[in-house]
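My numbering numbers the first residue of the sequence shown as 18 and each following residue consecutively.
C-beta atoms are modelled at their ideal positions from N, C-alpha and C, and glycine is treated no differently.
Since the structure comes first, as structure tokens, the remarks are kept for the end.
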Amino acid sequence: MKRLLVLLALLVIAGIIGVFVPWHGDAPSINAVGDPERGEYVLAMGGCVACHTDAKNGGALLAGGRALATPFGVFYSSNITPDPEAGIGGWTTGDFVRAMRQGLSPDGQHYYPAFPYPSYAKMTEQDLVDLKAYLDTVEPIGTQVEPHDIGFPFNIRQSLVGWKLLFFDDSPFEPDPGQSDLWNRGAYLVRGPGHCGECHTPRNLLGGPDESRYLAGNPVGAEGKATPNITPHDTGIADWSENDIAFSLESGLTPDYDSFGAGMGEVVKDGTSKLTSEDREAIAAFLISLTPIESAAPSASSTED
Ligand code: HEC
Ligand code: HEC
């Protein structure tokens, strides 16, 4: 409780400072031309379809409106089809890159981190330019999305300046020259577009990620369910081989042939199953190399303790 109050006080102070300190500059002007075919692959790397398509209610591709339940309330994903009114049709490539890397809308509003831009901030400019070129080819849908259903003070977007000052690191992805190309590709996919940490890393009471426990599991993950530890610890996936991991990301099945539940099932269906086997191997190589971290709470599937 005390920790929550301290964090809330910090958030308020940071929010007040934020009113006077503008968050970075204008949208970058980008002349590079994107390749829509490559962009469709980047879409799978980023798992955008799972959140931005309301599949349960028969929603059109990327037309948004999918409800995302969080401890802060219910968010509805945006319409990211190229409709000029309801979607992002009027956006320049620079607007899009700034939204993905800075969490800022074209008119300078802050986005909620329910949109995993803290991970997408690590994506290369070329990947984002190609992704925008692909999004431009999607069928425009004119459906407006309903507003988020969240409580005070989080319903005030300006309070997100506080959140960003405390938790948002917009530094680009840096490859580690001491590691192989495969490992670096895996690190990029996991930390950047794959946004695996958004669900698998625990968060504090204000929704800030605990980077010291990166990928060590989240007792209250997406939709309030526990998300398992995917570091190579006994309480995580120590007994999974690299092949097991790559196979599960392709098939949606664990090594015991259980199928993944909702959250991870979608990640596989609209994301990792569409990647090349080399990219799945890269993800596996990176996960296997992580420092093993013990889970704070036993994961749902764990039989230990
Ligand atoms: C975990 C769910 C989730 C994933 C995955 C996700 N988004 Fe979103 N996205 C959201 C939510 C929620 C919002 C609304 C944020 C807000 O209102 O502050 C949003 C907003 C956006 C916006 C701003 C739209 C506007 O009209 O202002 C863009 C652009 C966007 N997302 C693109 C993407 C792309 C591209 C991907 C894949 C690389 C992606 N998103 C993946 C949940 C998600
Ligand atoms: C939307 C939230 C979400 C995202 C994003 C996500 N996961 Fe998961 N993941 C889950 C959930 C929930 C489970 C548990 C599924 C189950 O028990 O059926 C899981 C399970 C797993 C497992 C199996 C662990 C075990 O012990 O059974 C692996 C491996 C895994 N995820 C890897 C990844 C990788 C790699 C990424 C990034 C490419 C990723 N996940 C992104 C939610 C997510």
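| Query | Result |
| --- | --- |
| Tell me, which residues are paired with Ala80 by DSSP? | Per DSSP, none; premise fails for Ala80. |
| With Asn91 as the anchor, note down where its beta strand (DSSP E) starts and where it stops. | The sequence given here has Val at residue 91, not Asn. Val91 -> beta strand (DSSP E) spans Gly90 to Tyr93. |
| Within 10 angstroms of its Cβ, does Ile254 collect 16 or more other Cβ (buried), or is it exposed? | buried |
| Is there a Cβ from chain D that is less than 8 Å from the Cβ of Leu85? | Of the protein chains in this structure there is only one, and it is not chain D. |
| Whose C-alpha, out of His250, Glu240, Gly278 and Val285, is nearest the C-alpha of Ala263? | Val285 |
| Glu228: buried (16+ other C-beta within 10 angstroms of its C-beta) or exposed? | exposed |
| Give me the Cβ distance between Tyr93 and Glu163, rounded to the nearest whole Å; I'm assuming they're in contact under 8 Å. | 5 Å |
| Based on DSSP bridge pairs, tell me the residues matched to His127. | Leu121 |
| Alpha carbon to alpha carbon, how far is Tyr274 from Ser176? Give it in angstroms, no decimals. | 44 Å |
| Which same chain residues end up closer than 8 Å to Gly282 when comparing Cβ atoms and leaving out the 5 residues on each side of it in sequence? | Gly269 and Ser276 |
| Taking all protein chains shown into account, do 16 or more other C-beta atoms lie within 10 angstroms of the C-beta of Arg220, making it buried, or fewer, making it exposed? | buried |
| To the nearest angstrom, report how far apart Asp71 and Tyr129 are at their CA atoms. | 19 Å |
| Does the Cβ-Cβ distance between Leu206 and Ala299 come in under 8 Å? | yes |
| Secondary structure at Thr248, three-state DSSP: helix, strand or coil? | coil |
| Mapping the DSSP letters down to three states, classify Asn260 as helix, strand or coil. | helix |
| On a CA-only basis, which of Ile97, Cys65 and Trp180 is nearest Leu223? Give me that one, please. | Trp180 |
| Taking the alpha carbon of Pro99 as the point to measure from, which residue in Pro226, Leu79, Cys216 and Gly90 has its own alpha carbon closest? | Leu79 |
| Could you tell me whether any non-hydrogen atom of ligand 2 is closer than 7 Å to the CB of Phe277? | yes |
| Tell me whether Asn260 is buried or exposed, calling it buried when 16 or more other Cβ atoms sit within 10 Å of its Cβ. | exposed |
| Using 10 angstroms around the beta-carbon of Ala317, count the other beta-carbons present and answer buried if the total reaches 16, otherwise exposed. | Low confidence applies to Ala317: its pLDDT is 49, below 50, so where it sits in the model is not reliable, and the reading given next is rough at best. The residue is exposed, with fewer than 16 neighbouring Cβ atoms inside 10 Å. |
| Shortest alpha-carbon distance to His141 belongs to which of Ser95, Val114 and Glu156? | For the sequence presented, residue 141 should be read as Thr rather than His. It is Val114 whose Cα lies nearest to the Cα of Thr141. |
| Quickly, what does DSSP pair Pro226 with across the bridge? List them, please. | Arg220 |
| Just to confirm, are Leu307 and Leu232 a CB contact at a threshold of 8 Å? | yes |
| Count the other CB atoms within 10 Å of the CB of Asn201; is the residue buried (16 or more) or exposed (fewer)? | buried |
| Return the CA-CA distance between Ala302 and Ile173, expressed in angstroms with no decimal places. | 41 Å |
| Terminal residues of the continuous alpha helix (DSSP H) containing Asn172? | Looking at the DSSP string, Asn172 is not in any alpha helix (DSSP H), and its letter there is neither H nor E. |
| Look at the Cβ atom of Asp166, then the Cβ atom of Gly51, and state whether they are nearer than 8 Å. | no |
| Does the beta-carbon of Thr87, which I'm using as the reference point, lie nearer than 7 Å to any heavy atom of ligand 2? | no |
| Identify which residue in Gly209, Gly203 and Leu183 has its Cα closest to the Cα of Tyr134. | Gly209 |
| Give the straight-line distance between the Cα atoms of Leu304 and His250, rounded to the nearest whole angstrom. | 11 Å |
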